[in-house]
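**Q** Would you mind keeping the following structure in view while I ask a few things?
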Amino acid sequence: MKDLASGKMIGSAREEDGLYTFDEGTQLNKQGQEKTCLQTVFFPCNNEVYLMHYRLGHPSFSYLKMLFPKLFLNKNPSSFHCDMCALAKHHRSSYIPHSYKPTSPFTIVHTDIWGASRVSTLKGKRWFVTIIDDHTRVTWVFLLKEKSEIEEVFKQFYSMIQTQFNTNIKIVRSDNGLEYFSKKLNTFFAEKGIIHQSSCVNTPAQNGIAERKNRHLLEVTRAIMFSAKIPKYLWGEAVLHATYLINRMPSKTL
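Here the sequence shown stands for residues 1 to 254, where the numbers follow the UniProt record's numbering.
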């Protein structure tokens, strides 16, 4: 490892399972330490607000004010700006929300598959499937090596819902991806009495809840990875972490 400015060798490291560990005796020079420190702990003014914004996966500052009102005494949430959010949250026009609202959890679940990622995770995952409860908007994400694994994911998810919540899934809404129309998956739906509703071709708005959730997940994931300088092969762990954070943030639907 060399210092970019001087070209001087400042240390060495060994790769183990995709991570680099510094060898004993490696010492960064003062200049290198200062650069690392600035990248790690620098925050704009009002640093406590930005610190919580970074730690909670870059939620809106309005949500932060709901969670930490004392941090916003005499401060307007609209006056705060995050460059990482602006970089991560580019998107297309919004989707039209549906009017029907279930009165109990798991009456309807929405699902969508994202992928394939150009970079595999350390375990070879290239896709993820999102499952969202319509009533609560609680979200589950499962990493996949192949899209064909969706059948096994739904079997495990259905069993988990029965065991943990003592209820059954009644309706599954998806796009018209072929993986949702496999013979085995549709046989499973029929055996469990689950109604499968799918969107029309080239109309992602009909599966808007899942589409918006994937967009939200990817926005938070990108913001986390940009701000923490996480390598791309850890995108799967970042998506799971983003899901964990989002599930614990306030929701307008509740």
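Every residue gets a Cβ at the ideal spot worked out from N, C-alpha and C, and that includes glycine.
Less than 8 Å between the beta carbons of I246 and H216, yes or no?
**A** Against the sequence shown, residue 246 aligns to sequence position 246. Against the sequence shown, residue 216 aligns to sequence position 216. Yes, the pair counts as a contact, with Cβ atoms nearer than the cut-off.
**Q** In angstroms, rounded to a whole number, what distance separates the CA positions of E219 and E16?
**A** Indexing the sequence shown from 1 puts residue 219 at position 219. Indexing the sequence shown from 1 puts residue 16 at position 16. Looking at the two C-alpha atoms, the distance is approximately 30 Å.
**Q** By Cβ distance below 7 Å, which residues in the same chain neighbour A54 in space, the five residues on each side in sequence not counted?
**A** Counting from 1 along the sequence shown, the entry for residue 54 is found at position 54. Strictly speaking, residue 54 in this sequence is Tyr, with Ala absent from that position. Once the five neighbours on either side are set aside, the close Cβ partners of Y54 are S227.
**Q** Could you tell me the boundaries of the alpha helix (DSSP H) in which S62 lies?
**A** Here residue 62 refers to the residue found at position 62 when the sequence shown is read from its first residue. Element bounds for S62: 61-67.
**Q** Can you tell me which of the three DSSP states F165 falls into?
**A** As a working mapping, residue 165 is identified with position 165 in the sequence shown. F165: helix per DSSP, three-state reduction.
**Q** CA-CA distance, N207 and P69?
**A** Start at 1 with the first residue of the sequence shown, and residue 207 comes out as number 207. Start at 1 with the first residue of the sequence shown, and residue 69 comes out as number 69. Whole-angstrom Cα-Cα distance: 35 Å.
**Q** Is the beta carbon of K138 sitting closer than 8 Å to the one on I113?
**A** One-based indexing of the sequence shown puts residue 138 at position 138. One-based indexing of the sequence shown puts residue 113 at position 113. One detail in the question is off: residue 138 reads as Val in this sequence, not Lys. In this structure, I113 does not lie closer than 8 Å to V138 by Cβ.
**Q** Using only alpha-carbon positions, find the residue among R14, M66, M52, T103 that is nearest to residue 288.
**A** Look at the range of the chain in this structure, 1 to 254, and you will see that residue 288 is not part of it.
**Q** Select from H135, S117, E191 the residue whose C-alpha is nearest the C-alpha of T253.
**A** The sequence position of residue 253 within the sequence shown is 253, counting from 1. Comparing Cα-Cα distances from T253 to each of H135, S117, E191, the minimum goes to H135.
**Q** Check whether the Cβ of W140 lies closer than 7 Å to any heavy atom of the ligand MN, and answer yes or no.
**A** You won't find the ligand MN in this model; it holds no ligand whatsoever.
**Q** How is N247 classed by DSSP in three states: helix, strand or coil?
**A** Counted from its first residue, the sequence shown places residue 247 at position 247. N247 falls in the coil class under three-state DSSP.
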